[in-house]
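2 protein chains.
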Amino acid sequence: MPQSPHPAPLRLATFLPFRLSVLSNAVSQRIAELYDREFGLSIWQWRVMAVTADTPGISATEIGQRTQMDKVAVSRAVAGLIEMGYLERRPSTDDARRSNLVLTPAGLGIYELIVPLALAEEAQLVSALSDKEQAELARLMSKLAKAASPERDLW
Amino acid sequence: MPQSPHPAPLRLATFLPFRLSVLSNAVSQRIAELYDREFGLSIWQWRVMAVTADTPGISATEIGQRTQMDKVAVSRAVAGLIEMGYLERRPSTDDARRSNLVLTPAGLGIYELIVPLALAEEAQLVSALSDKEQAELARLMSKLAKAASPERDLW
DNA sequence: GGAATATTGTTTCATATGTAACTAATTCCG
DNA sequence: CGGAATTAGTTACATATGAAACAATATTCC
Chain A
1 MPQSPHPAPL RLATFLPFRL SVLSNAVSQR IAELYDREFG LSIWQWRVMA VTADTPGISA
61 TEIGQRTQMD KVAVSRAVAG LIEMGYLERR PSTDDARRSN LVLTPAGLGI YELIVPLALA
121 EEAQLVSALS DKEQAELARL MSKLAKAASP ERDLW
Chain B
1001 MPQSPHPAPL RLATFLPFRL SVLSNAVSQR IAELYDREFG LSIWQWRVMA VTADTPGISA
1061 TEIGQRTQMD KVAVSRAVAG LIEMGYLERR PSTDDARRSN LVLTPAGLGI YELIVPLALA
1121 EEAQLVSALS DKEQAELARL MSKLAKAASP ERDLW
């Protein structure tokens, strides 16, 4: 028996924000477990490694923009990676506030171990979809992302 | 200049787990702000209210299954809602460990205020997509959810 | 019946996270 | 030039979160 005679219908299971959250968590958790279990990395540390591998000499602020992490999270992830010996801070010559961040050889080594595993995990995940469906999903997500936060344009 | 001669390609911006996470966060944050700003509710409290409105007399464990919250999170959300006067605990007659949870009139009242706002927010979000695209997105997400965690079947 | 086991829900504790305050360096602009 | 405002990044503090221990009740199975 419903508590109200004319309730507006809202089933959590069909509510997009909820579904997105649950799906994202399920996916992230699978992947995060891989980073953590095998390499002792948090998701944020992994993200920092990924963009630093892609753009050696990147600054912390830029990392934040690319990964959608706030500056405190970047600062902590960087500190952790440096302590683990995976990342190195090089003082910027033209702006003493910045550091240019680069992976150490050790960091690059584990990065290259992780990449194929991460891609394999992703591949297994999306293998449930045809190529066409994968492309369509990417397209719809882009549209949605733009609608959800028009200000920042990531993709 | 890439740091490695033959790096495996992984651009965060095209990596599905990352994109899902960013999208989900952007959407959740918009909605969470509404609950919090207007009604002082956390996302978890909102979820508990939603399933309790849908199924009066539900137990904490069932809430956890339906919302994908762990039992500690449910316990805390319930405690908060009770303190705010939005939820009521009725001892179960057949199992003294359980409570049957129901919204109070006050809780039902704000629930019915929130629902249209939440649905409007969702509608605005998905208005970037055609009806057909919305249906397609839902379908693809279901497939993906099944691939990501085949064990629990939510949808 | 009653000991062993499982389940429900809460509490405790250690860690993660976000906001705001802060330091240091740079840029803006009179 | 030189003070005001901005930016890069870190630190401090308060809160959120999750794992494990816990208490209370139910169930299983002999």
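Residue numbers (the working numbering), protein chains in the order written: chain A, 1 to 155; chain B, 1001 to 1155. Backbone N, C-alpha and C fix where the C-beta goes; we use that ideal spot for every residue, glycine too.
Minimum C-alpha distance to residue i - residue among the options
i	options	result
VAL1027/B	GLU1121/B, ILE1058/B and LEU1144/B	GLU1121/B
GLN1124/B	ARG11/A, PHE15/A and PRO9/A	PHE15/A
SER1149/B	VAL22/A, LEU10/A and PRO150/A	VAL22/A
SER127/A	ASP1131/B, VAL1115/B, VAL1126/B and LYS1146/B	LYS1146/B
ASP54/A	LEU119/A, VAL102/A, SER130/A and ILE114/A	VAL102/A
SER1108/B	SER1099/B, ASP1131/B and MET1084/B	It should be noted that the sequence gives Leu, not Ser, for residue 1108/B. The residue with the shortest Cα to Cα distance from LEU1108/B is MET1084/B.
ARG1037/B	ILE1114/B, PRO1091/B and MET1141/B	ILE1114/B
SER1099/B	LEU1034/B, GLU1062/B and TRP1046/B	GLU1062/B
ALA1060/B	ILE1043/B, GLU1088/B and GLU1033/B	GLU1088/B
GLN1134/B	ARG90/A, TRP44/A and MET141/A	MET141/A
TRP1046/B	ASP1070/B, TYR1086/B, LYS1132/B and ILE1058/B	TYR1086/B
ARG1076/B	TRP1044/B, ASP1095/B and ILE1058/B	TRP1044/B
Where residue i falls, given that 16 or more other Cβ within 10 Å makes a residue buried
i	result
ARG1019/B	buried
GLN1029/B	exposed
LEU81/A	buried
PRO17/A	buried
ALA1050/B	buried
THR1093/B	exposed
VAL1072/B	exposed
Inter-residue spacing [alpha-carbon to alpha-carbon] between residue i and residue j
i	j	result
SER1024/B	GLN1068/B	15 Å
LEU1129/B	LYS143/A	7 Å
ILE1031/B	PRO105/A	43 Å
TYR1035/B	VAL1074/B	17 Å
SER42/A	ILE110/A	14 Å
PRO1009/B	THR52/A	13 Å
ARG1139/B	ARG97/A	48 Å
ARG1066/B	GLU1151/B	14 Å
ALA117/A	LEU1012/B	One point to set straight first is that residue 117/A is Leu, not Ala, in the sequence displayed. LEU117/A and LEU1012/B: Cα-Cα distance of roughly 14 Å.
GLY1064/B	ASP1070/B	6 Å
ARG90/A	PRO56/A	11 Å
LYS132/A	GLU33/A	29 Å
GLN3/A	GLY1040/B	With a pLDDT of 47 at GLN3/A, under the threshold of 50, the predicted position of this residue should be treated as unreliable, and no value is reported.
ALA79/A	ILE58/A	15 Å
LEU1119/B	GLU1112/B	11 Å
GLU1136/B	VAL1048/B	28 Å
Interface positions of the stretch 45-56 of chain A facing chain B (Cβ-Cβ less than 7 Å), listed along the chain: So the close ones are ARG47, ALA50, VAL51, ALA53, ASP54 and PRO56.
Contacting positions in the stretch 60-75 of chain A - beta carbon closer than 9 Å to chain B: Closer than 9 Å at the C-beta level to chain B, one finds these residues of the stretch 60-75 of chain A: ARG66, THR67 and GLN68.
Contact list for the stretch 108-121 of chain A against chain B, Cβ threshold 7 Å: For the stretch 108-121 of chain A, residues whose beta-carbon sits nearer than 7 Å to a beta-carbon of chain B comprise LEU108, GLU112, VAL115, PRO116, ALA118 and LEU119.
Within 7 Å of chain A by C-beta, residues of the stretch 1121-1133 of chain B in sequence order: For the stretch 1121-1133 of chain B, the residues whose beta carbon sits under 7 Å from a beta carbon of chain A are, in order, GLU1122, LEU1125, VAL1126, ALA1128, LEU1129 and GLU1133.
Tell me which residues of the stretch 1010-1024 of chain B have at least one Cβ-Cβ distance to chain A shorter than 9 Å, keeping chain order. The stretch 1010-1024 of chain B vs chain A, Cβ under 9 Å: LEU1010, ARG1011, LEU1012, ALA1013, THR1014, PHE1015, LEU1016, PRO1017, PHE1018, ARG1019, LEU1020, SER1021, VAL1022, LEU1023 and SER1024.
Interface residues of the stretch 83-109 of chain A facing chain B [CB-CB below 8 Å]: Answer in chain order: VAL102, LEU103 and LEU108.
Report the start-end ranges of each alpha helix (DSSP H) in the stretch 25-87 of chain A that is 4 residues or longer and not cut off at the edges. The qualifying runs are 43-54, 60-67 and 71-84.
Under 8 Å (Cβ pairs) to chain B, residues found in the stretch 25-42 of chain A: For the stretch 25-42 of chain A, which is checked against every Cβ of chain B, the residues closer than 8 Å are ASN25, ALA26, VAL27, SER28, ARG30 and ILE31.
Taking Cβ-Cβ distances below 9 Å as the criterion, which residues of the stretch 1133-1152 of chain B are in contact with chain A? Correct list: GLU1133, GLN1134, GLU1136, LEU1137, ALA1138, ARG1139, LEU1140, MET1141, SER1142, LYS1143, LEU1144, ALA1145, LYS1146, ALA1147, ALA1148, SER1149 and ARG1152.
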